[in-house]
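Following the working numbering, the numbering of the sequence shown begins with -13 at its first residue and continues without gaps.
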Amino acid sequence: MLPLNDPRWKELRHAYGDATDLPQLLQALDSSTETMTDKTELWFSLWSRLCHQGDVYTASYVAVPHIIRIAGQAKGPINSSFFQLPTAIEIARKTGLAPEIPKVYAEDYHHAISQLVEIVYLHLKEDWDQETLLAATAAQAVAKGHVAVANALLNLTDDLIAEINSGELE
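Below, the structure written as structure tokens:
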């Protein structure tokens, strides 16, 4: 895993250019006094840089192991984005909407994605809203290689669920 103080972050790209600001954002995610279910503004900053309108970047792959590590160390409930963002990045990669993973970071990235199942398990006894439930289920699906299922789960809405349950889905 690329250390947060490593100068190579400047070689990585995100939606707004070089990734020199990402270590600070990841550090804030790890050390904030807010509960792990809050941090709305911080998550907005991470999403807009790492998975901007479905596009991902080289820095996205390097940030994922840090996000997974933080989720694994979190005590208590976590924000659904701990599941959603790594899942969305992997969906983009698998569907060809992303650059190649830089080889030097590939092993750490793939290991982190495989750990999503464990992260879900660690937080399984917490109360989840529907968004977190869908994100956690999608994370498990993507970790097991079921990208289409993960993508469908992330795109489920209340209206679509109602249509499916009523049998009115066309």
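For each residue, glycine too, the CB sits at the ideal point set by N, CA and C. Nothing here was measured: the structure is a model prediction, and the numbers come from that model.
Around Thr118, the same chain offers Ser66 as residues with beta carbons nearer than 6 Å, after the five sequence neighbours per side are excluded. Less than 8 Å separates the beta-carbon of Leu8 from that of Ala49.
Your pair Ala5 and Leu15 does not check out as a contact, with CB atoms roughly 15 Å apart and the cut at 8 Å. Between His0 and Leu36 a beta carbon distance of about 6 Å is seen, short of the 8 Å cut, so the two are scored as contacting. Here Phe30 is exposed, its C-beta having fewer than 16 other C-beta atoms within 10 Å.
Sixteen is the threshold: when 16 or more other Cβ atoms of the shown chains lie within 10 Å of the Cβ of Val106, as they do, the residue is buried.
If you draw a 10 Å sphere on the C-beta of Ile150, you find fewer than 16 other C-beta atoms in it, and that means exposed. In the DSSP secondary-structure assignment, Arg35 is not bridged to any residue. The beta carbons of Pro72 and Ile99 sit closer together than 8 Å.
If you ignore the 5 residues before and after Leu12, its C-beta comes within less than 7 Å of the C-beta of Leu(-10), Ala49, His52, all in its own chain and listed in chain order.
Annotated three-state conformation of Asp41 is strand, per DSSP.
For Thr123, the enclosing alpha helix (DSSP H) begins and ends at 116 to 129. Between the alpha carbons of Gln59 and Asn141 lies a distance of about 28 Å. The Cβ neighbour count for Arg79, taken over all protein chains shown within 10 Å, is at least 16; the residue is labelled buried. In this structure Ala125 does not touch Ile77 by the C-beta definition: roughly 11 Å separates them, more than the 8 Å allowed.
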